[in-house]
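Peer 1: Residue numbers (the working numbering), protein chains in the order written: chain A, 122 to 323; chain B, 122 to 323; chain C, 122 to 323; chain D, 122 to 323. Beta carbons: idealized from backbone N, C-alpha and C, even for Gly.
4 protein chains.
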Amino acid sequence: MDSKPKPTRRRSKRAHEAILAATTSLLEAKGYNGLSIEAVAAQAGVGKQTIYRWWPSKAALVMEAYSAMVASEITIPDSGRLEEDLYRLFEQIFSRLSSSGFGKAIAGLLTEAQTDPVLAAEFLDGFVDWRRKVVRQLLQKGLERGEVAPEANLEIAVDSLFGSMWYRLLIGHAPLDQQFAKDLVRQLLVGIAPPSANLCFR
Amino acid sequence: MDSKPKPTRRRSKRAHEAILAATTSLLEAKGYNGLSIEAVAAQAGVGKQTIYRWWPSKAALVMEAYSAMVASEITIPDSGRLEEDLYRLFEQIFSRLSSSGFGKAIAGLLTEAQTDPVLAAEFLDGFVDWRRKVVRQLLQKGLERGEVAPEANLEIAVDSLFGSMWYRLLIGHAPLDQQFAKDLVRQLLVGIAPPSANLCFR
Amino acid sequence: MDSKPKPTRRRSKRAHEAILAATTSLLEAKGYNGLSIEAVAAQAGVGKQTIYRWWPSKAALVMEAYSAMVASEITIPDSGRLEEDLYRLFEQIFSRLSSSGFGKAIAGLLTEAQTDPVLAAEFLDGFVDWRRKVVRQLLQKGLERGEVAPEANLEIAVDSLFGSMWYRLLIGHAPLDQQFAKDLVRQLLVGIAPPSANLCFR
Amino acid sequence: MDSKPKPTRRRSKRAHEAILAATTSLLEAKGYNGLSIEAVAAQAGVGKQTIYRWWPSKAALVMEAYSAMVASEITIPDSGRLEEDLYRLFEQIFSRLSSSGFGKAIAGLLTEAQTDPVLAAEFLDGFVDWRRKVVRQLLQKGLERGEVAPEANLEIAVDSLFGSMWYRLLIGHAPLDQQFAKDLVRQLLVGIAPPSANLCFR
DNA sequence: CTATAAGCGAGACGGTACGTCCCGTCTTAGA
DNA sequence: TCTAAGACGGGACGTACCGTCTCGCTTATAG
Chain A
122 MDSKPKPTRR RSKRAHEAIL AATTSLLEAK GYNGLSIEAV AAQAGVGKQT IYRWWPSKAA
182 LVMEAYSAMV ASEITIPDSG RLEEDLYRLF EQIFSRLSSS GFGKAIAGLL TEAQTDPVLA
242 AEFLDGFVDW RRKVVRQLLQ KGLERGEVAP EANLEIAVDS LFGSMWYRLL IGHAPLDQQF
302 AKDLVRQLLV GIAPPSANLC FR
Chain B
122 MDSKPKPTRR RSKRAHEAIL AATTSLLEAK GYNGLSIEAV AAQAGVGKQT IYRWWPSKAA
182 LVMEAYSAMV ASEITIPDSG RLEEDLYRLF EQIFSRLSSS GFGKAIAGLL TEAQTDPVLA
242 AEFLDGFVDW RRKVVRQLLQ KGLERGEVAP EANLEIAVDS LFGSMWYRLL IGHAPLDQQF
302 AKDLVRQLLV GIAPPSANLC FR
Chain C
122 MDSKPKPTRR RSKRAHEAIL AATTSLLEAK GYNGLSIEAV AAQAGVGKQT IYRWWPSKAA
182 LVMEAYSAMV ASEITIPDSG RLEEDLYRLF EQIFSRLSSS GFGKAIAGLL TEAQTDPVLA
242 AEFLDGFVDW RRKVVRQLLQ KGLERGEVAP EANLEIAVDS LFGSMWYRLL IGHAPLDQQF
302 AKDLVRQLLV GIAPPSANLC FR
Chain D
122 MDSKPKPTRR RSKRAHEAIL AATTSLLEAK GYNGLSIEAV AAQAGVGKQT IYRWWPSKAA
182 LVMEAYSAMV ASEITIPDSG RLEEDLYRLF EQIFSRLSSS GFGKAIAGLL TEAQTDPVLA
242 AEFLDGFVDW RRKVVRQLLQ KGLERGEVAP EANLEIAVDS LFGSMWYRLL IGHAPLDQQF
302 AKDLVRQLLV GIAPPSANLC FR
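1) Examine the Cβ distances between the segment 140 to 147 of chain B and the segment 300 to 319 of chain B and report whether three or more of them are shorter than 8 Å.
2) Quick check on this structure: which residue in D:180, D:159 and D:299 has the alpha carbon closest to the alpha carbon of residue 239 of chain D?
3) Please decide whether residue 231 of chain D counts as near chain C, where near means a Cβ-Cβ distance under 8 Å.
4) Would residue 308 of chain C count as contacting chain D if we go by Cβ distances under 8 Å?
5) Only counting the same chain, and skipping five residues up and downstream in sequence, which positions put a Cβ closer than 8 Å to that of residue 275 of chain B?
6) On the CB-based measure, 16 or more other CB atoms within 10 Å of its CB, does residue 236 of chain B come out buried or exposed?
7) So what does DSSP say about residue 246 of chain B, is it helix, strand or coil?
8) Let me make sure I understand the geometry here. Which of A:188, A:175 and A:247 has the alpha-carbon closest to that of residue 131 of chain A?
9) Rounding to the nearest angstrom, what Cα-Cα distance links residue 157 of chain B and residue 234 of chain B in this structure?
10) With a threshold of 7 Å on Cβ separation, who are the neighbours of residue 281 of chain C within its own chain once the five nearest residues in sequence on each side are excluded?
11) With 8 Å set as the bound, which would you pick, yes or no: does the beta-carbon of residue 315 of chain B sit closer than that to a beta-carbon of chain A?
12) Can you list the alpha helix (DSSP H) stretches of 4 or more residues lying completely in the segment 172 to 220 of chain B, in chain order?
13) Taking all protein chains shown into account, decide if residue 201 of chain C is buried (16 or more other Cβ within 10 angstroms of its Cβ) or exposed.
14) Using the Cα positions of residue 165 of chain D and residue 207 of chain C, report the straight-line distance between them to the nearest angstrom.
15) Measuring straight from C-alpha to C-alpha, what distance separates residue 129 of chain C and residue 305 of chain D?
16) From residue 243 of chain D to residue 149 of chain B, what distance separates their C-alpha atoms?
17) Between C:307, C:217, C:294 and C:161, which has its C-alpha nearest residue 137 of chain C's C-alpha?
18) Suppose you measure from the CA of residue 294 of chain A to the CA of residue 277 of chain B; what does that come to, to the nearest Å?
19) Ordered along the chain, which non-local residues of its own chain (more than five positions away) have a Cβ less than 7 Å from that of residue 297 of chain C?
20) With burial defined as no fewer than 16 other Cβ atoms inside 10 Å of the residue's Cβ, what is the status of residue 225 of chain D: buried or exposed?
21) Since residue 224 of chain B meets chain A, which of its residues come closer than 7 Å, beta carbon to beta carbon?
22) Is the CB of residue 239 of chain A under 8 Å away from at least one CB in chain B?
23) List the residues of chain B that residue 283 of chain A touches, going by C-beta distances under 7 Å, in chain order.
24) Does the CB of residue 139 of chain C have a neighbour CB from chain D at under 8 Å?
25) May I have the straight-line CA-CA distance separating residue 247 of chain B from residue 194 of chain B, to the nearest angstrom?
26) Helix, strand or coil: which one does DSSP assign to residue 268 of chain C?
27) How big is the Cα-Cα spacing for residue 312 of chain D and residue 152 of chain C?
28) Is the CB-CB distance between residue 279 of chain C and residue 253 of chain C below 8 Å?
29) With 16 as the cutoff for other CB atoms within 10 Å, does residue 197 of chain C come out buried or exposed?
30) Quick one: using the 10 Å Cβ neighbour count with 16 as the cut-off for buried, is residue 315 of chain B buried or exposed?
31) According to DSSP, is residue 298 of chain C helix, strand or coil?
32) Can you pull the chain D residues whose beta carbon is under 8 Å from the beta carbon of residue 187 of chain C, in chain order?
33) Taking the C-alpha atoms as reference points, what is the distance between residue 271 of chain A and residue 199 of chain B?
34) Hey, is residue 256 of chain B's beta-carbon within less than 8 Å of any beta-carbon in chain A?
35) If you measure between the beta carbons of residue 245 of chain B and residue 228 of chain A, is that distance less than 8 Å?
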């Protein structure tokens, strides 16, 4: 019992791709707020209606344009050592994020997510949750192996890693490079207090 | 050498305050993108030109409307113990940030800062740098007291603290409460690895 | 050789008519300077862009709103007698001009035509030339019939007739009625000097 | 017994003249509608209030700026021959009118007079009535001398002369030169019908 | 092997807000 | 007290886009 009434003509692949391409290109040129559906349609050589038919909002359009890039081709490392795994993972993530335009897209989506709960949910889903889950699992494995202290707060550990990442991405005061990935992970593990002090606290 | 042309009629305090008040009120109601100069002028009972005369952009207006709130009345703690100091500091900062509207304002400014370098600089100046400096100094004092390991990367420590904060503020997946302040600081100091592991690494 | 780009959605008759109607109505109420595109759009229930799309200026809008009224339904008389013909013609013209709003429209257009050569040309074309030509032809026929002296300056005759008309229309010191039409034409033909004097001059 | 209570400071002659000068200069550059009080004040190096203090409206300002030019130095001819007198008079008037800027000023005033009865009255008073009276008196003298037929309509004669003048001034289709003055007056006197026809009519 | 209905490009439509210009009123400091 | 300066609340300008709505044309199945 297929509910499709009569699928005579289907979505045009050409238009679909042209729209996404125009979106990324314009977003990089004008920024999120400077991006207009009108301009996307013009640049893609497409009627506005064709965009409105398939995407409910500018945010949805931008999300789709960048989600491919985000999800693509991250291999989850499994070396058996937590520090190594985390480092390898963030090394990959950082290199993808540094590609131009991404920060503008993310920040724009974040803005609208502040007032649009639906978008917020989709944003969480597409850009946040999946990666948090991956990291949480790596930490869990580390815990099982005894590389993580039982009293450690894993949620906060996840926040520290991704928080630092977003912070540098959005503020731009320092680069998201390999060195940062290495030091960030290391410091998360060992803390900044000297060993002696550590012993005292515990 | 003073280039002031002549001090004739001066800026109206009444208008100035009404504009900032309308800005915060509307921003909380409609969000950053939904905030229009036109509406601010109308709600403040002011001509649009009066806004454009004193603020170059919506972003500048929002920055001023919130900067007061941000800078105001944070006492820099000095208990002699690093963990205590950091906790007290972030406890204060978190409580201010949780006030409604702030997240929307920040996210909006962040969006525009992605394409406007002038705004980016002002944003850094008004919302980021001062607080980073305060934390860096606390850490420095801790280092001198022997509460911080000499090989610790203080910049990354600062990033971890503020990064986690912004992350929760913008994504909203978990609250910015006292408990978080306490746990975040504690974990920064001791890391998540168990003591034995720590010793091994060093 | 046709340069039409493509006949997609066409101009809306409803909007077109509503705009012209609002224009005349507002012009009569507020005068030419008091007429704003904004108000026309509002009264016509139309977006401003719809006006700007089809008319380049307020003047063009007013011209179109009144040109219909001007050109419409003037029958060119041909009684075989010059005085009769001129009288019949101006009787018709006067009755149309007396309709309210017309003077305001004309004077406003005249103002802008003083600085806008394009408008000046269109104004000449739409409001002046056609009628001058009609009168010139009547005079020409009169000349052929011997009702006009060969040495008469026909251009000045045309100026006298229309000049007097505009003068009364704009200054408003005396009415544009049938009696004026009759006396104006008569005096143009015979002059104001007594017959004896006339003979002397010639 | 001077009734002035305390003549501490009086109207500044410097400002007054600078304002009128700026008015003419700007009116010629931008036209009547393009003339703004703001620009006049700026160009005259004068506060806006100084203009509003002494003139109730833009129209009043323009009237004063041009009235001097209009009234000035017209000698009323009295040669004893009507045709000569009228020709001499209009020759003078035409030469003054041809000066640049005057047409713009007049047309602008005419526009506003269509909706502002007070201005209309002042306009009549300043630009129309005085000259009509002069012409009417010349015609009256001609009548007494027998140069004008008793049945002639003098009002219409005045309308024809001034009407033709305004018409050419505003429409600009033909020049206001000496030849026109001569031919216009001549044709007013003798009409355009041939002598034989004239005799028939009377 | 069509027919036919969806998708398509184009772009006009009723709107909202932009950032600017100027209005006429007001406040201020100085001459 | 008048002046130059210019800030004030306000109205309109002409432009950019919004999201919706017709237009004809194109095209890929379902009959």
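Peer 2: Taking the geometry as given:
1) With a cut-off of 8 Å, the segment 300 to 319 of chain B and the segment 140 to 147 of chain B do not count as touching, because too few Cβ pairs lie within range.
2) Numbered from 1 along the fourth sequence, position 118 holds the residue referred to as residue 239 of chain D. Closest option to residue 239 of chain D, Cα to Cα, is D:180.
3) Walking along the fourth sequence from the start, residue 231 of chain D turns up at place 110. Interface annotation, residue 231 of chain D: in contact with chain C, CB-CB separation under 8 Å.
4) By 1-based counting over the third sequence, the position of residue 308 of chain C is 187. Yes, because at least one Cβ of chain D sits closer than 8 Å to the Cβ of residue 308 of chain C.
5) What you label residue 275 of chain B is simply residue 154 of the second sequence in a count that begins at 1. Cβ within range, chain order: 257, 260, 261, 264 and 269.
6) Start at 1 with the first residue of the second sequence, and residue 236 of chain B comes out as number 115. Per the 10 Å Cβ criterion, buried.
7) Your numbering for residue 246 of chain B matches position 125 in the second sequence. In this structure, residue 246 of chain B counts as helix in the three-state DSSP scheme.
8) Position 10 of the first sequence, counting from 1, holds the residue named residue 131 of chain A. When only C-alpha atoms are compared, the closest one is A:175.
9) As a position in the second sequence, residue 157 of chain B is number 36, starting the count at 1. As a position in the second sequence, residue 234 of chain B is number 113, starting the count at 1. C-alpha of residue 157 of chain B to C-alpha of residue 234 of chain B: approximately 18 Å in a straight line.
10) The residue labelled residue 281 of chain C in the question sits at position 160 within the third sequence. For residue 281 of chain C, where only same-chain residues beyond five positions count, the Cβ hits under 7 Å are 309.
11) For this step, residue 315 of chain B is matched to residue 194 along the second sequence. So, interface residue.
12) Correct list: 179 to 192 and 203 to 218.
13) For the purposes of this step, residue 201 of chain C is taken as the residue at position 80 of the third sequence. By the 10 Å Cβ count, residue 201 of chain C comes out exposed.
14) As a position in the fourth sequence, residue 165 of chain D is number 44, starting the count at 1. As a position in the third sequence, residue 207 of chain C is number 86, starting the count at 1. Going by C-alpha positions, residue 165 of chain D is about 52 Å away from residue 207 of chain C.
15) The sequence position of residue 129 of chain C within the third sequence is 8, counting from 1. The sequence position of residue 305 of chain D within the fourth sequence is 184, counting from 1. Separation of residue 129 of chain C and residue 305 of chain D (C-alpha to C-alpha, rounded to the nearest whole angstrom) is 56 Å.
16) Residue 243 of chain D sits at position 122 when you count from the first residue of the fourth sequence. Residue 149 of chain B sits at position 28 when you count from the first residue of the second sequence. For residue 243 of chain D and residue 149 of chain B, the distance between alpha carbons rounds to 56 Å.
17) In the third sequence, residue 137 of chain C corresponds to position 16, counting from 1. Considering only alpha carbons, the answer is C:161.
18) Within the first sequence, residue 294 of chain A is the residue found at index 173, counting from 1. Within the second sequence, residue 277 of chain B is the residue found at index 156, counting from 1. Computed Cα separation, rounded: 12 Å.
19) Your numbering for residue 297 of chain C matches position 176 in the third sequence. Short of 7 Å from the beta carbon of residue 297 of chain C, and not among the five residues preceding or following it, lie these beta carbons of its own chain, in chain order: 215, 218, 219, 286, 289 and 290.
20) On the fourth sequence, residue 225 of chain D is found 104 positions in, with the first residue counted as 1. Around the beta-carbon of residue 225 of chain D, 16 or more other beta-carbon atoms lie within 10 Å, marking it buried.
21) As a working note, residue 224 of chain B is residue 103 in the second sequence. Here the neighbours are 235.
22) Against the first sequence, residue 239 of chain A aligns to sequence position 118. For residue 239 of chain A, no CB of chain B lies under 8 Å from its own CB, so it is not counted at the interface with that chain.
23) For the purposes of this step, residue 283 of chain A is taken as residue 162 along the first sequence, with counting starting at 1. Here the neighbours are 288.
24) For the purposes of this step, residue 139 of chain C is identified with residue 18 of the third sequence, where counting begins at 1. Among the residues facing chain D, residue 139 of chain C is not included, as its CB has no counterpart in that chain under 8 Å away.
25) Stepping through the second sequence from its first residue, residue 247 of chain B is reached at position 126. Stepping through the second sequence from its first residue, residue 194 of chain B is reached at position 73. In this model, residue 247 of chain B and residue 194 of chain B are separated by some 15 Å (Cα to Cα).
26) For the purposes of this step, residue 268 of chain C is taken as residue 147 along the third sequence, with counting starting at 1. Three-state result, residue 268 of chain C: coil.
27) Residue numbering aside, residue 312 of chain D sits at position 191 when the fourth sequence is read from its first letter. Residue numbering aside, residue 152 of chain C sits at position 31 when the third sequence is read from its first letter. Linking residue 312 of chain D to residue 152 of chain C through their CA atoms gives a straight-line distance of about 38 Å.
28) Residue numbering aside, residue 279 of chain C sits at position 158 when the third sequence is read from its first letter. Residue numbering aside, residue 253 of chain C sits at position 132 when the third sequence is read from its first letter. Contact check for residue 279 of chain C against residue 253 of chain C passes: the beta carbons are separated by less than 8 Å.
29) Your numbering for residue 197 of chain C matches position 76 in the third sequence. Per the 10 Å Cβ criterion, exposed.
30) Here residue 315 of chain B is taken as the residue at index 194 of the second sequence, counted from 1. In summary, residue 315 of chain B is buried, with 16 or more beta-carbon neighbours lying within 10 Å of its beta-carbon over all protein chains present.
31) What you label residue 298 of chain C is simply residue 177 of the third sequence in a count that begins at 1. Here residue 298 of chain C sits in coil by DSSP.
32) As a first step, residue 187 of chain C is located in the third sequence; it is residue number 66 there, counting from the start. Near residue 187 of chain C there are no residues of chain D at all, since even the closest Cβ is about 14 Å away, more than 8 Å.
33) By 1-based counting over the first sequence, the position of residue 271 of chain A is 150. By 1-based counting over the second sequence, the position of residue 199 of chain B is 78. Distance between the alpha carbons of residue 271 of chain A and residue 199 of chain B is about 31 Å.
34) Here residue 256 of chain B refers to the residue found at position 135 of the second sequence. With 8 Å as the cut-off, residue 256 of chain B does not count as an interface residue toward chain A.
35) To locate residue 245 of chain B, count along the second sequence from 1; it is residue 124. To locate residue 228 of chain A, count along the first sequence from 1; it is residue 107. Cβ distance not < 8 Å, so residue 245 of chain B and residue 228 of chain A don't count as in contact.
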